[in-house]
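This report refers to the structure that appears directly beneath it.
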Amino acid sequence: MPWRHVRRLVVLFLLLVVFLAGLQAFLFPRMIKYVKAKAIQEVPEIMETTQAKKVFNSPLAGMWYDANASRLKSEIDGYLAGADPAPLEQMQALVLPHAGYRYSGGVAAFGIRKIAGAAYTRVIVMGPSHRVRMHNAAHVSDATHIVTPLGEVPLDVDACAELRKHPEFRAVRGVDETEHSVQIQLPLLQAALSGFKLVPIVVGDADAATLQTMAKVLLGITDSRTLVVASSDFTHYGANYGYVPFEEDVFANLEKLDMGAWEKIRDKDVDGFNEYVNATGATICGRHPISILLSMLPEASRAHLLKYDTSGRMTDDPDMSVSYLSLAFTGTWPENKAAFVNSEPAGTALSEEDKAQLLKLARGMLETYVKTGKTASAEALGVTITPGMRQVMGTFVTLTLDGQLRGCIGEIFPRRPLYEAVMERAVDAGINDPRFRSVTEKELPMLHYEISALTPPVPVASYQDIVLGRHGMVIQKQGRSAVFLPQVAPEQHWTLEETLTHLSLKAGLSQDAWKEGASWTVFEAIVFEEEH
C-alpha cells in the first residue's frame, strides 16, 4: 500500500479518536446528570421505607416457647383444640397468663379460642414490667414490627405515637429486650387472628391516679374492632417467691385466694381489687394492667371465668406454684373519636351523691382550715369517699359571697383523684387566691360553693373551634396563659369575641392578642353547686 494511503488512514483514525473523545465529553455529564436526577426522584421513597421500618426480633423463641415455627404452631393448635369451643358474643377484652407455654399455654388457649377468626383491627396488650423499674410510667415500643417464629406482627405506629404524647407513656430503653409479659401473647394472637395491628404496653409501678389516667387515655383508641388484653399471672406461692401465707391444703387455699381476686374483677371493682391484693399480699404480678382494664370497661361489660389452673398441680409440687386464670369480658367499647378524650360531656360521670359529698368536703375543708389553721381528713369531716369521687379529674372550686366572686382556684390537668383535688383547692380558693384577701371566719356561713369537675383538656387548631357554654378554654401566647371555665361566658352574657378579649387581658396580653399567634386548649366541665 502506498505511503500516502497509510498516512490518510492514520489521519482519519486520529480524527475519529478526537470525535469520540468530544462526544464522550458532551454526553457523559448529561448521562451523570440524568442518572442523578433519577436517583433523586427514586431513592427517597426507598430510604423512607427503610428508615420507617424498625423490626424487633422477640428474644422469647427457644426459651418461653418453641423456636421452630411448625412445632410452635402445632403446639398452639393442640392447646386450642383442648379449649372450650362454645362462643362468646361481643368479645372486648381478655386477661391471660404469661408463663412458658408448657405451663400456661393451655389456660391461655381458653381465652384465645373465644376470639379465633374475629375481625379486630387493633389489639392492645398490656403487661407488667418484671425487670425494668418504671414509676408512674408505661413503655410503648417505638418499633414498627415484632418478629416471632410465626412471622411479623405490625405495630399500630400511629396509635403508639399518640400514646407517647402523654407523659405517662414513653419508649423506655431495655424493656423490649428483657420483658416477656406482652411478647408471650403474640404467637397465640397470630394463631387466632389476622389483619390486626398491635399496641404493646409494658406498665411499671404506678399509683391509682396514674392508672386511672392511663385508662382514660387508652379509652381514646378503643372502638368496636379493638381487643384489649391484660397479661397477668395470679398468685406466686412458695419460699422462692417470698410468699407462704399457708402451708396446709395448699391447692385448696390457693384457689380460695385466687377466687377472691376473681370476684373483685368479676364485679369490675378496681378499688376493691387493689384493696384485696394489698390486704392478702396476693402476688398478682399484673395487678396494674388488670386495674387499667377494669377502669376502662363500661358498666355493661360482663366478666367470664374460662379456665383456672396452677403450675403446682401440673408438676405435683405444692411447695412452689403459680396460678393461671383465663378471663373474658363481653360488651362493646364506646365509639370515641375525639383525640383521646370523651367527645361527650361527662355529665353523668358523677352521681348526685358524689356531688353532694364533694360539696360537703369542700365546705368542711375550708371551714376547718380557717378555724384551726389545719386540714382534716375526709373521714373526720364525715364525708364518704365514693367510687365516683376517686375518678382522676381536674377541678376548680369557686366561692361567691352575696353573688360576687370571692375566690376561685383549680387545676386543669387530671393528675389525682377528684376528692383529693377538691380538698386542696377549696382551701386555696379561700386562702390563696391572689386577687382577694383570705376568707375570714365571719364570712364562712355566707359563702356559696361551686365545683367544676373537668374533662381532660385537648388542643384545638383555632379559637373558632371553641363552643361557648360548652368549652372551658386556655389561651397561651408569649409565655403567658389564662383560663376561663365553661360557665364564665354565659354568666357574663359575652359573645365569643368579648370572651376572648377578656381572656387575653386576664393573661396580661393586649385585648386583640387572641386574633393571631395564640395556642388554644379546651375542656368541658360538670358544674354543680350548693342549693341557695
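In the working numbering, the protein residues as written are 4 to 535. Idealized CB from N, CA, C, for every residue including glycine.
The DSSP assignment places 397-404 and 407-414 as complete runs of the beta strand (DSSP E) inside the segment 331-417, in order along the chain (cut-off: 3 residues). For glycine 275, the enclosing alpha helix (DSSP H) covers residues 273-283.
For glycine 241, there is no enclosing alpha helix (DSSP H); the enclosing beta strand (DSSP E) has its first and last residue at 239-241. Taking C-beta separations shorter than 7 Å and ignoring five residues to either side along the sequence, glutamine 407 has no partners in its chain. Here DSSP, grouped into helix, strand and coil, assigns asparagine 60 to strand. By the Cβ criterion, the segment 355-365 is in contact with the segment 387-405, since at least three pairs of Cβ atoms, one from each stretch, lie closer than 8 Å.
Counting every other CB atom within 10 Å of its CB across the protein chains shown gives glutamine 193 a total of 16 or more, marking it as buried.
Three or more Cβ pairs closer than 8 Å define a contact, and the segment 136-144 meets that threshold against the segment 207-215.
When the beta-carbon positions are compared, leucine 201 and proline 157 come within less than 8 Å of each other.
Across the structure, alanine 84 and phenylalanine 332 are spaced so that their CA atoms are roughly 21 Å apart. Judged by DSSP in its simplified three-state form, isoleucine 224 adopts coil rather than helix or strand. DSSP, reduced to helix, strand and coil, places methionine 66 outside both helices and strands of the structure shown, so it counts as coil. No residue range can be given for valine 442, since it is assigned to no beta strand (DSSP E) and is classified by DSSP as neither H nor E. Inter-segment contact for the segment 238-247 and the segment 162-180 is absent: fewer than three beta-carbon pairs are separated by less than 8 Å. Inclusion of valine 463 and methionine 368 in the CB contact set at 8 Å is not warranted, their separation being larger than that value. Here alanine 112 is not bridged, per DSSP, to any residue. Leaving aside the five residues that flank leucine 471 on each side, the residues in its chain whose CB is nearer than 6 Å to its CB run, in chain order, Ala492 and Leu499. Rounded to whole angstroms, the gap between the alpha carbons of serine 522 and valine 530 is 25 Å. Between the alpha carbons of asparagine 277 and arginine 290 lies a distance of about 8 Å. In the DSSP assignment, phenylalanine 526 is bridged to Gly475. Short of 7 Å from the beta carbon of phenylalanine 254, and not among the five residues preceding or following it, lie these beta carbons of its own chain, in chain order: Thr313, Gly315, Arg316 and Pro321. Annotated three-state conformation of histidine 496 is coil, per DSSP.
Membership of lysine 259 in the alpha helix (DSSP H) is indicated by the continuous run 253-269.
For glutamate 180, the secondary structure class from DSSP, reduced to helix, strand or coil, is helix.
Within a 10 Å sphere around the beta-carbon of valine 58 sit fewer than 16 other beta-carbons, which makes this residue exposed.
In the three-state scheme derived from DSSP, where H, G and I count as helix and E and B as strand, methionine 129 is classed as strand. Distance from the CA atom of alanine 112 to the CA atom of leucine 191, rounded to whole angstroms, is 8 Å. A distance of 8 Å or more separates the beta carbons of leucine 421 and glycine 410. The segment 266-286 makes no contact with the segment 68-84, as fewer than three CB pairs between them are under 8 Å. Here the segment 255-262 makes no contact with the segment 112-132; the two share fewer than three CB pairs at distances below 8 Å. If you check the CB distance, valine 525 and valine 461 come in under 8 Å. Pairing glutamine 495 with leucine 508, the inter-Cα distance amounts to about 16 Å.
When only Cα atoms are considered, proline 100 and threonine 387 end up about 36 Å apart. For glutamate 165, the enclosing alpha helix (DSSP H) stretches over residues 160-166. Here proline 292 is buried: its Cβ has 16 or more other Cβ atoms, across all protein chains shown, within 10 Å. Annotation: the continuous beta strand (DSSP E) that includes isoleucine 149 extends over 148-151.
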